[in-house]
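**Student:** So the sequence lines, in the order shown, correspond to chains H and Z.
Under my numbering, the final residue of the first sequence carries the number 245; numbering is consecutive throughout.
Under my numbering, the final residue of the second sequence carries the number 245; numbering is consecutive throughout.
Protein chains: 2
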Amino acid sequence: MSDVRQRILVPGKMNQRVLDRLPDHFDPVFIAATDPALVTAELSSSVAGIAVQGKIPAEFVDVFPKLEIIANFGVGYDGVDAVHAAERGVMVTNTPDVLTEEVADTAIGLLLNTVRCFPVAEQWLRQGRWVKEGAFVLTPLTLRGRTVGLYGLGRIGLAIAKRLEAFGVSIAYHTRTPREGLAYTYYPTLKSMAEAVDTIIVIVPGTESTRRTVNAEVLQALGPQG
Amino acid sequence: MSDVRQRILVPGKMNQRVLDRLPDHFDPVFIAATDPALVTAELSSSVAGIAVQGKIPAEFVDVFPKLEIIANFGVGYDGVDAVHAAERGVMVTNTPDVLTEEVADTAIGLLLNTVRCFPVAEQWLRQGRWVKEGAFVLTPLTLRGRTVGLYGLGRIGLAIAKRLEAFGVSIAYHTRTPREGLAYTYYPTLKSMAEAVDTIIVIVPGTESTRRTVNAEVLQALGPQG
């Protein structure tokens with residue numbers, strides 16, 4: 020192994036764990052933002068990699084002729100112009116899957132909290148009302164007999180579905196094409212699914228093709244109890 | 020069927036749904052509490068059943084020579100002196116299982132909320148801090164890599180375990196005797212389980228035999244991260 024450490028640029032904010040470990044393997048350089056005006060000629064000609072937690076536009080990629088990699092700290096890399104980087108032969112990496120299970124846990128937590136009002140019950144307790152007025156009332160809503168429609172069924176969608184099964188909830192889904200080998204009910208349109216279920220969980224990426232798809236018509240189809 | 024409706028006594032508070040439906044089938048009489056002094060001679064000799072959401076001590080059972088049934092609105096009937104009632108030939112009923120799934124949902128909700136701080140995050144949002152200070156931080160704790168010990172594994176314990184499995188959590192349990200056909204790790208003592216797990220969920224009845232079993236020694240064994 021060479022003793023010369025590769026020069027890695029960190030523009031703007033970066034997770035502390037990355038900052039702690041970068042000097043072990045690399046020669047890190049820090050600038051405040053992805054602004055070409057902050058890049059000296061010496062930096063421009065020496066940077067081999069960029070570690071980023073945010074955006075890297077095409078014009079910033081072009082500042083570094085020796086750039087080999089953009090290491091994106093995050094699952095989503097929509098902030099990096101990956102097409103342009105690929106054309107330049109620059110590799111773009113992300114951190115897929117690290118948050119799949121956490122996001123699924125969060126979806127179930129939000130569903131339980133919404134249906135069963137646990138945070139409201141906690142406030143009731145903390146405000147001393149349990150002692151003065153008695154137990155928090157049983158909530159009118161429940162997961163029992165509920166049908167949940169998943170809008171999107173990628174890795175996170177499947178992790179949510181697995182959890183929902185254990186709660187005895189009926190599961191439906193809508194994606195562009197049905198997935199094989201699944202026991203869940205498929206709906207070819209979001210509206211037809213909304214008509215059939217009580218609850219919709221949205222786990223599609225926020226892109227132009229999904230923009231405004233959960234519209235008034237879909238919410239209307241979900242119904243007043245939805 | 021006879022036109023004479025059985026006389027049912029309702030002492031103290033009762034769920035509204037019961038109050039709504041009782042007159043459809045019975046002749047209900049209401050008194051404020053389970054106090055023999057509130058019972059007239061006519062009432063004493065005519066009551067065939069008691070519908071209760073609370074306590075029925077032995078001495079109150081003895082006030083009604085024609086009593087046939089004590090219908091207890093609730094899963095637990097520890098408030099009713101069932102042994103004495105049985106000796107008198109009085110049936111005692113309860114409503115088992117109706118809340119098993121709800122209690123299991125609640126246990127998972129409390130676990131998620133404790134580990135992932137969702138109610139705190141909700142307050143952060145409602146107080147406008149999301150807009151001013153940015154996203155609520157990722158919590159240091161997670162369900163990943165967590166081992167949960169179930170103290171008690173009856174109907175509710177099994178319903179909780181089923182849900183925990185879907186979250187990918189390792190499951191251990193402590194009961195007086197191991198249950199056959201389960202993949203969960205059995206611990207013959209609460210303390211040995213506490214040493215092996217991060218989290219304990221208690222789902223045993225609150226009786227003399229379980230009183231003060233989760234003591235300082237067990238909490239010590241659970242450890243500072245437990």
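We put the beta carbon where it would ideally sit given N, CA and C, even for glycine.
In this text the structure is predicted, and so the values were computed from the model without any measurement.
Ends of the beta strand (DSSP E) at H:Arg24?
**Tutor:** Note, H:Arg24: premise wrong, no beta strand (DSSP E); not H, not E.
**Student:** Restricting to Cα atoms, I'd like to know which of Z:Leu118, Z:Val109, Z:Gln239 and Z:Glu227 is closest to Z:Ile75.
**Tutor:** Z:Ile75 has its Cα closest to that of Z:Val109, out of Z:Leu118, Z:Val109, Z:Gln239 and Z:Glu227.
**Student:** At which residues does the alpha helix (DSSP H) containing Z:Leu16 begin and terminate?
**Tutor:** With chain Z represented from 20 up to 245, any question about residue 16 of chain Z goes unanswered, as that position is not in the structure.
**Student:** Using three-state DSSP, classify H:Gly200 as helix, strand or coil.
**Tutor:** Coil at H:Gly200, not helix or strand.
**Student:** Taking C-beta to C-beta, are Z:Leu28 and Z:Val80 nearer than 9 Å?
**Tutor:** No. Outside cutoff.
**Student:** What does H:Thr133 touch in chain Z if you count any residue whose Cβ is under 8 Å from its own?
**Tutor:** Simply none; closest approach about 10 Å.
**Student:** Going by DSSP, which residues form a beta bridge with Z:Tyr170?
**Tutor:** Beta-bridge pairing links Z:Tyr170 to Z:His193 and Z:Val221.
**Student:** Using a Cβ cut-off of 7 Å, pull out every chain Z residue sitting near H:Leu162, in sequence order please.
**Tutor:** The answer, in chain order, is Asp124.
**Student:** Mind listing which residues of the stretch 162 to 196 of chain H have their C-beta closer than 7 Å to chain Z's C-betas, in chain order?
**Tutor:** So the close ones are Leu162, Arg163, Lys181, Arg182, Glu184, Ala185, Phe186 and Gly187.
**Student:** Helix or strand or just coil, what does DSSP make of Z:Gly68?
**Tutor:** Residue state, collapsed to three classes: strand.
**Student:** Would you call the stretch 87 to 102 of chain H in contact with the stretch 138 to 156 of chain H, where contact means no fewer than 3 C-beta pairs closer than 8 Å?
**Tutor:** Output reads no: the stretch 138 to 156 of chain H does not touch the stretch 87 to 102 of chain H.
**Student:** Let's test the definition: count the other Cβ atoms within 10 Å of the Cβ of Z:Leu160 and tell me whether it reaches 16, buried, or not, exposed.
**Tutor:** Z:Leu160 is exposed by the Cβ-count criterion.
**Student:** If you follow the alpha helix (DSSP H) that Z:Ala127 is in, where does it begin and where does it stop?
**Tutor:** One point to set straight first is that residue 127 of chain Z is Ile, not Ala, in the sequence displayed. Element bounds for Z:Ile127: Thr119 to Arg135.
**Student:** Leaving out the 5 sequence neighbours to the left and right, which residues in its chain are closer than 8 Å to H:Val48 when beta-carbon positions are compared?
**Tutor:** Excluding residues within five positions, the ones whose Cβ falls inside 8 Å are Arg26, Ile27, Leu28, Val29, Leu62 and Val66.
**Student:** Could you tell me whether the stretch 100 to 116 of chain H touches the stretch 152 to 169 of chain H, using the rule of 3 or more Cβ pairs below 8 Å?
**Tutor:** No: the two stretches stay apart, fewer than three of their Cβ pairs being nearer than 8 Å.
**Student:** Along the stretch 134 to 151 of chain H, where does the CB come closer than 7 Å to a CB of chain Z? Name the residues.
**Tutor:** Within the stretch 134 to 151 of chain H, the qualifying residues are Arg135, Phe137, Pro138 and Glu141.
**Student:** Judging by CA-CA distance, which residue of H:Lys210, H:Ile190 and H:Thr196 is the nearest neighbour of H:Ala202?
**Tutor:** For H:Ala202, the nearest C-alpha among the options comes from H:Ile190.
**Student:** Quick one: which residues of the stretch 97 to 122 of chain H get their C-beta closer than 7 Å to a C-beta of chain Z? List them in chain order.
**Tutor:** Against chain Z - using a Cβ distance shorter than 7 Å - the residues of the stretch 97 to 122 of chain H are Glu120 and Glu121.
**Student:** I'd like the list of long-range same chain contacts for H:Arg135, defined as Cβ closer than 6 Å, with 5 residues on each side in sequence excluded.
**Tutor:** Closer than 6 Å at the Cβ level, and outside the excluded window around H:Arg135, lie Thr158.
**Student:** Z:Pro47 bridges to which residues according to DSSP?
**Tutor:** In DSSP, Z:Pro47 forms a bridge with Z:Ile27.
**Student:** Quick one: which chain H residues come within Cβ less than 8 Å of Z:Gly153?
**Tutor:** The contacting residues do not exist; Z:Gly153 stays about 11 Å from chain H at best.
**Student:** Tell me where the alpha helix (DSSP H) around Z:Val94 begins and ends.
**Tutor:** Here Z:Val94 belongs to no alpha helix (DSSP H), and DSSP marks it neither H nor E.
**Student:** Here's a check: name, in chain order, each residue in its chain whose Cβ is nearer than 7 Å to the Cβ of Z:Pro115, leaving out the five neighbours to either side.
**Tutor:** Val94.
**Student:** Contact criterion: CB-CB distance below 9 Å. Does H:Leu41 meet it with respect to chain Z?
**Tutor:** So no, H:Leu41 is outside the interface.
**Student:** Is Z:Ile27 close to chain H, meaning its C-beta is less than 9 Å from at least one C-beta of that chain?
**Tutor:** No, because no Cβ of chain H sits closer than 9 Å to the Cβ of Z:Ile27.
**Student:** Should H:His193 go down as buried or exposed, given a rule of 16 or more other Cβ atoms within 10 Å for buried?
**Tutor:** Answer is buried; the Cβ neighbour count reaches 16.
**Student:** Look up Z:Val156 in the DSSP assignment and say whether it is helix, strand or coil.
**Tutor:** Three-state DSSP puts Z:Val156 in coil, outside helix and strand.
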